[in-house]
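So the structure is just underneath, and the comments pick up after that.
In full-length UniProt numbering, the protein residues as written are 1 to 388.
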């Protein structure tokens, strides 16, 4: 690992891909980053968090500088499992170049973003300001002992930032065509309807929960939650499963359940959404059944970063390199940026990501070089002076 050139994003990315860091196993990936960052004068800390009903997770925090403006870069080194190896052209954890592309699990999501940022930081003088990196190995799964706790630890240590970039693959079809200034929240719920089991020939001796369940599904699905907001689309609810567990055609079941997920905008919080769901349930005729509702897991909050001078600087930097003004997007699912947004302004800026989580995951090498240049040029402008 000592011969890795930290200023070469391709070489660094290959070294990271070669570590099979499927969540939460680091498989040496954080050691590769430690070596690269230490060679650039960063002070690093390995942090393991555990508990709260999840597995232990190894994380890395690195910092260089102690004054001036402060920039945080965040990302994750964990990857999803490769799936059936027969679907891959070659070993997913052996980096492979072909036709101007680099293949391997994690190439797009998101070891490339980390490699590009570190390579860009290599050319930034150490005395111009403060650069921090918060890297977790738990973004693709529980996300309990990763960035959330890493950011709380950083705050306790007295670290703060003026602006943050998460290196997720934010571009849609072309490098730099989009950066994410916010994300919708995610809220999942479970509704249970309890009736009374019985023979279908004697319905008066039973109470079928399914008509009530069906009315609840309609009440949830047929009601528009909102019209959207300035930067977000309308909140959307999708019923994901209806379960009865009754394989017998002549038995009225005792209970049924429905699960749903809501992707919501900045007009809502998990608390207000829960109240909205309860109101919709209350509008349904229960017909003597008992209805229960609970929130599944921990909801992900929506966030929107302020459209600051730093966002403008990043947009102008991208335009100067690609010739295209990036769209300011809030689309897609959730990311660890939701944890960082609690401490300061954050955007997501990274590569094109259509191949992420797929067999033969890959990136264009030219895009990796281009992203490195975007990060480098942005940092040069960012540290030139305070935002206007």
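Virtual Cβ for every residue (Gly too), placed ideally from N, Cα, C.
State the Cα-Cα distance for the pair residue i and residue j, rounded to the nearest angstrom.
i: residue 221; j: residue 338; result: 27 angstroms
i: residue 101; j: residue 29; result: 22 angstroms
i: residue 157; j: residue 63; result: 12 angstroms
i: residue 400; j: residue 16; result: With the chain represented from 1 up to 388, any question about residue 400 goes unanswered, as that position is not in the structure.
i: residue 244; j: residue 259; result: 12 angstroms
i: residue 378; j: residue 241; result: 45 angstroms
i: residue 129; j: residue 60; result: 20 angstroms
i: residue 335; j: residue 213; result: 32 angstroms
i: residue 79; j: residue 21; result: 6 angstroms
i: residue 384; j: residue 368; result: 25 angstroms
i: residue 191; j: residue 47; result: 38 angstroms
i: residue 152; j: residue 359; result: 35 angstroms
i: residue 289; j: residue 189; result: 19 angstroms
i: residue 375; j: residue 315; result: 11 angstroms
i: residue 387; j: residue 134; result: Only weak support exists for where residue 387 lies, its pLDDT of 48 falling under 50; the value from the coordinates is given anyway. Their backbone Cα atoms lie some 23 angstroms apart in a straight line.
i: residue 282; j: residue 252; result: 24 angstroms
i: residue 205; j: residue 262; result: 37 angstroms
i: residue 307; j: residue 44; result: 31 angstroms
i: residue 163; j: residue 305; result: 10 angstroms
i: residue 88; j: residue 354; result: 16 angstroms
i: residue 165; j: residue 143; result: 18 angstroms
Out of the options, which one is the CA nearest neighbour of residue i?
i: residue 238; options: 297, 217, 87 and 94; result: 217
i: residue 333; options: 342, 348 and 344; result: 348
i: residue 168; options: 198, 352, 208 and 68; result: 352
i: residue 356; options: 295, 140 and 282; result: 140
i: residue 74; options: 54, 257, 132 and 42; result: 132
i: residue 126; options: 181, 306 and 39; result: 39
i: residue 201; options: 190, 159 and 249; result: 249
i: residue 41; options: 24, 56, 66 and 255; result: 66
i: residue 254; options: 306, 196, 266 and 204; result: 196
i: residue 32; options: 77, 252 and 175; result: 77
i: residue 82; options: 209, 361 and 366; result: 361
i: residue 181; options: 98, 310 and 278; result: 310
i: residue 198; options: 246, 225 and 294; result: 246
i: residue 154; options: 51, 342 and 98; result: 342
i: residue 53; options: 297, 231 and 228; result: 297
i: residue 124; options: 99, 37, 90 and 203; result: 37
For residue i, which residues does DSSP report across the bridge?
i: residue 242; result: 258
i: residue 84; result: Residue 84 pairs with nothing; no bridge assigned.
i: residue 196; result: 207
i: residue 329; result: 180
i: residue 236; result: 263
i: residue 93; result: DSSP output for residue 93 lists no bridge partner at all.
i: residue 189; result: 260 and 295
i: residue 101; result: 98 and 364
i: residue 348; result: 166 and 180
i: residue 304; result: 182
Cutting at 7 angstroms between CB atoms, please list the residues of its own chain near residue i, excluding the five before and the five after it.
i: residue 381; result: 313 and 317
i: residue 149; result: 49
i: residue 178; result: 170, 171, 172, 326, 327 and 329
i: residue 264; result: 184, 185, 187, 235, 273 and 302
i: residue 93; result: 17, 18, 20, 104 and 105
i: residue 257; result: 190, 191, 192 and 243
i: residue 299; result: 185, 186, 187 and 270
i: residue 84; result: none
Which two residues bound the contiguous beta strand (DSSP E) that contains residue i?
i: residue 96; result: 96-98
i: residue 44; result: 43-51
i: residue 58; result: 54-64
i: residue 295; result: 290-300
i: residue 277; result: Note, residue 277: premise wrong, no beta strand (DSSP E); alpha helix (DSSP H) at 270-282.
i: residue 312; result: Taken as a continuous stretch (DSSP letters only), residue 312 belongs to no beta strand (DSSP E), being part of the alpha helix (DSSP H) at 309-322.
i: residue 163; result: 163-166
i: residue 75; result: 70-76
i: residue 133; result: 130-136
Tell me the residue span of the alpha helix (DSSP H) that contains residue i.
i: residue 117; result: 112-121
i: residue 151; result: 147-156
i: residue 375; result: 365-382
i: residue 16; result: 9-17
i: residue 340; result: 337-340
i: residue 36; result: 29-39
Output needed for residue i: all residues of its chain with C-beta closer than 8 angstroms, excluding positions within five of it in sequence on either side, in chain order.
i: residue 373; result: 120 and 321
i: residue 406; result: Residue 406 lies beyond the stretch modelled for the chain, which goes from 1 to 388, so this question has no answer here.
i: residue 280; result: 216, 219, 220 and 223
i: residue 174; result: 322, 324 and 352
i: residue 226; result: 234, 235, 265, 267 and 268
Please work out which residues of its chain come closer than 6 angstroms, Cβ to Cβ, to residue i, disregarding the five sequence neighbours upstream and downstream, and give them in chain order.
i: residue 115; result: 9, 12 and 13
i: residue 363; result: 102, 107, 108, 112 and 351
i: residue 371; result: 116 and 351
i: residue 7; result: 119 and 122
i: residue 147; result: 136, 336 and 339
i: residue 161; result: 70, 72 and 344
i: residue 292; result: 192
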